[in-house]
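Take a look at the structure below.
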Amino acid sequence: MHHKLLDHHMRELVRWVQQGHKLETHDDVPEEIRAQLYAQEQQGRKRKRQASGSDPTSHVPVIIHNHISDYSTSSNRASPDHGSSPPPRLSPLCVPGLRDDAVEAYCEWHRSKVRSETQKQHFELAYSLTIARGLDLELVHEDNDAQFYIEQGVLEGVARRWVRDIQVYIDQEQVVLVA
């Protein structure tokens, strides 16, 4: 598939080569630029659908949030509490260090959990999309939006883990830091 390179993409690629990197095949294109191209392609398709009036996303989306805290830990209740109060917001995270470094470390952590090169590449894509949007782990956790990553071409399972596993990662890393 071919992607239209805009001026800013060309400038970034020139900078990449000037920094000593090779650029001989599609595989040599930096992940961040690749993520931008995928996002640009998705937006182009969305605009075409909207122009033709067949945009399935023009309807109000149904958002389903599952919260473990909604379930009782007692053995006599197996269903969620359907009271009138809204579900609690996710508690804020405390991510040590620089935010963009934390996103990169999170990506490496995920990559270390899979053998599949395809999944590793999709974790890299999720990382690139996160950085390209200026997001950090706290914001990804707060937004809880795996669908964005899926729409940008990230495998569904990878996207869901990218959004869901942040607290697990932080808990494990804090244990490692303390030990």
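Residue 328 in the numbering used here sits at position 81 of the sequence shown, with consecutive numbering throughout.
Even glycine gets a Cβ: it sits at the ideal position worked out from N, Cα and C.
For clarity, every value in this text was computed on a predicted model and none was experimentally measured.
| query | result |
| --- | --- |
| Can you tell which of R296, E398, E355 and Y353 has its C-alpha closest to the C-alpha of A282? | E398 |
| Would you check if there are 3 or more beta carbon pairs closer than 8 Å linking the segment 262-269 to the segment 346-363? | no |
| Could you check the C-alpha separation between R380 and L252 for me, to the nearest Å? | 19 Å |
| Between which two residues does the alpha helix (DSSP H) carrying C354 extend? | R346 to R358 |
| Per DSSP, what kind of secondary structure is V276 in: helix, strand or coil? | coil |
| Taking L384 as part of the alpha helix (DSSP H), name the residues at either end of that continuous run. | L384 to D390 |
| Specify the secondary structure class of R362 as computed by DSSP and reduced to three states. | coil |
| Looking at the secondary structure, which residues open and close the alpha helix (DSSP H) in which H255 lies? | D254 to Q265 |
| Can the beta-carbon of E371 be found closer than 8 Å to that of E278? | yes |
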